[in-house]
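Report on one structure; see the data block that follows.
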Amino acid sequence: MAGSDVVEGTPNRVEPRASGSATLAPARRPRDPVTAAVRAGVAEDTAFGSVMPPLYLSSNYEFQALGVPPVYDYARSGNPTRATLEGALAELEGGQSAVATASGMAAVLVALHLCRPGSVVLAPKDCYGGTYRLLQALAGRGQFSVRFVDFLEPADVAEAFTPDVGMVWIETPSNPLLRIYPIHDLCQRAAAVGAVSVVDNTFLSPALQRPIELGADLVVHSTTKFINGHSDVVGGAVVAADAEAGAEASWWGNCLGVTQSPFDCYQTLRGLRTLHARVEAHARNTAAVVDALCKHEAVRVVHYPGLESHGGFALAAEQQSGAGSIVSFELRGGLAATRRFFDGLGSFSLAESLGGVESLACHPWSMTHASMPEHARTEAGIRDDLVRLSVGIESPDALAGDVNRALDATVLNRTAGQAIPFA
Ligand SMILES: Cc1ncc(COP(=O)(O)O)c(C=O)c1O
Numbered sequence: 030m031a032g033s034d035v036v037e038g039t040p041n042r043v044e045p046r047a048s049g050s051a052t053l054a055p056a057r058r059p060r061d062p063v064t065a066a067v068r069a070g071v072a073e074d075t076a077f078g079s080v081m082p083p084l085y086l087s088s089n090y091e092f093q094a095l096g097v098p099p100v101y102d103y104a105r106s107g108n109p110t111r112a113t114l115e116g117a118l119a120e121l122e123g124g125q126s127a128v129a130t131a132s133g134m135a136a137v138l139v140a141l142h143l144c145r146p147g148s149v150v151l152a153p154k155d156c157y158g159g160t161y162r163l164l165q166a167l168a169g170r171g172q173f174s175v176r177f178v179d180f181l182e183p184a185d186v187a188e189a190f191t192p193d194v195g196m197v198w199i200e201t202p203s204n205p206l207l208r209i210y211p212i213h214d215l216c217q218r219a220a221a222v223g224a225v226s227v228v229d230n231t232f233l234s235p236a237l238q239r240p241i242e243l244g245a246d247l248v249v250h251s252t253t254k255f256i257n258g259h260s261d262v263v264g265g266a267v268v269a270a271d272a273e274a275g276a277e278a279s280w281w282g283n284c285l286g287v288t289q290s291p292f293d294c295y296q297t298l299r300g301l302r303t304l305h306a307r308v309e310a311h312a313r314n315t316a317a318v319v320d321a322l323c324k325h326e327a328v329r330v331v332h333y334p335g336l337e338s339h340g341g342f343a344l345a346a347e348q349q350s351g352a353g354s355i356v357s358f359e360l361r362g363g364l365a366a367t368r369r370f371f372d373g374l375g376s377f378s379l380a381e382s383l384g385g386v387e388s389l390a391c392h393p394w395s396m397t398h399a400s401m402p403e404h405a406r407t408e409a410g411i412r413d414d415l416v417r418l419s420v421g422i423e424s425p426d427a428l429a430g431d432v433n434r435a436l437d438a439t440v441l442n443r444t445a446g447q448a449i450p451f452a
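Heads up: the sequence shown runs through residues 30 to 452, numbered per my numbering.
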């Protein structure tokens, strides 16, 4: 994606609005995404000419006179630092506007408020556990009803898109099984029944997938992950393809009080500048790790859309510009082997989350997806011997070596030094 359509001297100009989020000024011409990420808000400070945009922490702003409000009046409703981040995210996703939220789940909450009350939300069976829990909780309160669908099963899909569907929730690649769902096809089906289509683009970021170009109405992010990339901020964003939906999302962000703090926006903007450089390093390392996993006898199956053996390989090649750096796999030897794998790791930390510079390993069954009832996890294909890795930007040799050592440890019974029979 990088390196095309470079237009020199086109600042990431964002017109501030008194309440709600930033809207891209109509005069701005497109520029390549790498430049857009690096230069978001650069050299736009009108007060002192600072090259990097300042951080505005003030919660409120002085009115010039009664009835003459400032551009921003109150930081929940609007803030210059947040507006710069929102403008950058809208530009990178190819949307009209964005609202930055206090967490990825806050972004999910805002997006769900654009679903007409009483309608049906379609969501994949294997979506992120927190999204699953929120959908169930809001459906339980009567806000809408929810149907979990296997978007790869043609009969399920044909049945699912009924006229009462108000929103179609798409998460691709899915968490944690890396299933690839057809964004263009599902968004077209959503439009045909008058439903809002939403794509959670957390796993890839706009560096590797641009759902709005494929027909999505809204893109949701946990910016906690690749967008910030340094595992030191929790945040989210909703990007809207059209101005009306964008205004609605911003209105809900303000109304619900879930807009992101200026300081967290500042940090996230700082992380965003290196997104494309990080994604390249993640890709290099993931290739080394996936290779190690595929070659090791302790691994039963690897879920990674960059592998030809993966069911979504062709579709991923079509709608993504890279396979990403999240990989999951199942071990031979069940839960006991899985424990030994985690114990054997040195360069991966056993922790939730993903998309940071540091490599992480997690056990979806007991960690990220524990909020799904057991039957839902089983139905979604999430097993207790499934391991998910978020491959960071450390040295590829260190990471591949670490994975190999930990896999060796699953095969050998440490105390007896004997091979454990595979199931
Ligand atoms: C795909 C996806 N969407 C949304 C979220 C929620 O984001 P947050 O933890 O920032 O609230 C997560 C968190 O892991 C996620 O993986």
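The beta carbon of each residue, even a glycine, is placed where N, CA and C say it ideally should be.
Task: From P240, A365, L164, residue whose alpha carbon lies closest to that of S148 - done: What you label residue 148 is simply residue 119 of the sequence shown in a count that begins at 1. Closest by alpha carbon: L164.
Open item on the list: Which same chain residues end up closer than 6 Å to L453 when comparing Cβ atoms and leaving out the 5 residues on each side of it in sequence?
Closed with: An answer regarding residue 453 cannot be provided, because it is not within the stretch 30 to 452 covered by the chain.
Open item on the list: Please report the straight-line C-alpha distance between L167 and S357, rounded to a whole angstrom.
Closed with: The residue labelled residue 167 in the question sits at position 138 within the sequence shown. The residue labelled residue 357 in the question sits at position 328 within the sequence shown. One Cα belongs to L167, the other to S357, and the distance between them is close to 30 Å.
Task: Inter-residue CB distance, A129 and C294 (contact presumed, cutoff 8 Å) - done: Your numbering for residue 129 matches position 100 in the sequence shown. Your numbering for residue 294 matches position 265 in the sequence shown. Correct: roughly 6 Å between the Cβ atoms.
TODO: Taking only the alpha-carbon atoms, compute the straight-line gap between P211 and F342 and give it to the nearest angstrom.
DONE: The residue labelled residue 211 in the question sits at position 182 within the sequence shown. The residue labelled residue 342 in the question sits at position 313 within the sequence shown. Rounded to whole angstroms, P211 to F342 spans 12 Å at the Cα level.
Open item on the list: For a quick check, are the C-beta atoms of P376 and S419 less than 8 Å apart?
Closed with: Translated into the one-based positions of the sequence shown, residue 376 becomes position 347. Translated into the one-based positions of the sequence shown, residue 419 becomes position 390. Here residue 376 is Ser; the residue named in the question, Pro, does not match the sequence. Their beta carbons are not under 8 Å apart, which means S376 does not touch S419 by this criterion.
Open item on the list: Between the alpha carbons of A54 and E347, how many angstroms are there, rounded?
Closed with: Against the sequence shown, residue 54 aligns to sequence position 25. Against the sequence shown, residue 347 aligns to sequence position 318. Note that A54 has pLDDT 42, beneath the 50 cutoff, so the model's placement of it is unreliable and the number below is only indicative. Within the model, the alpha-carbon separation for A54 versus E347 is close to 31 Å.
- [ ] Take N314 as the anchor and find which of A327, S251, E387 has the nearest alpha-carbon.
- [x] The residue you call residue 314 lines up with position 285 of the sequence shown. When only C-alpha atoms are compared, the closest one is E387.
TODO: Can you grab the Cα-Cα spacing for the pair P458 / A66, in whole Å?
DONE: Past the edges of the chain, shown from 30 to 452, lies residue 458, and the structure says nothing about it.
Task: C-beta atoms of V319 and L344 nearer than 8 Å - done: Taking the sequence shown and counting its residues from 1, one reaches residue 319 at position 290. Taking the sequence shown and counting its residues from 1, one reaches residue 344 at position 315. No, Cβ-Cβ distance for V319 and L344 is not below 8 Å.
- [ ] Could you pull out every residue in the same chain whose Cβ sits closer than 7 Å to the Cβ of A16, ignoring the five residues on either side in sequence?
- [x] In this structure the chain extends from 30 to 452, so residue 16 is not present and cannot be described.
Open item on the list: Would T439 and A390 be called neighbours here (beta carbons separated by less than 8 Å)?
Closed with: Position 410 of the sequence shown, counting from 1, holds the residue named residue 439. Position 361 of the sequence shown, counting from 1, holds the residue named residue 390. No; because the gap between Cβ atoms is not below 8 Å, this pair is not in contact.
Task: Proximal residues to C216 (C-beta, below 7 Å), its chain only, five neighbours per side dropped - done: Numbered from its first residue, the sequence shown carries residue 216 at position 187. Result list for C216: S226, L243, G244, A245, in chain order.
Open item on the list: In whole angstroms, give me the CA-to-CA distance for L272 and L322.
Closed with: Taking the sequence shown and counting its residues from 1, the one referred to as residue 272 is at position 243. Taking the sequence shown and counting its residues from 1, the one referred to as residue 322 is at position 293. According to the sequence as given, residue 272 is Ala; it is not Leu. One C-alpha to the other measures close to 45 Å.
- [ ] Measure the Cβ-Cβ separation of P153 and F173 and say whether it is below 8 Å.
- [x] As a first step, residue 153 must be located in the sequence shown, where it is residue number 124. As a first step, residue 173 must be located in the sequence shown, where it is residue number 144. Against a cut-off of 8 Å, the Cβ pair of F173 and P153 comes out as no contact.
- [ ] Verify the contact flag: S18, CB atom, against every heavy atom of ligand 1, threshold strictly below 7 Å.
- [x] In the structure as shown, the chain begins at 30 and stops at 452. Residue 18 is therefore absent and cannot be evaluated.
TODO: Consult DSSP for L206 and reduce its assignment to one of helix, strand or coil.
DONE: Start at 1 with the first residue of the sequence shown, and residue 206 comes out as number 177. The answer is coil: DSSP assigns L206 none of H, G, I, E or B.
Open item on the list: With a threshold of 7 Å (Cβ to nearest heavy atom), would S251 be considered close to ligand 3?
Closed with: Of the ligands this structure carries, namely ligand 1, none is ligand 3.
- [ ] Kindly indicate which residue of A310, Y103, T253 has the alpha-carbon position closest to the one of A135.
- [x] For the purposes of this step, residue 135 is identified with residue 106 of the sequence shown, where counting begins at 1. Among A310, Y103, T253, the Cα nearest to that of A135 belongs to T253.
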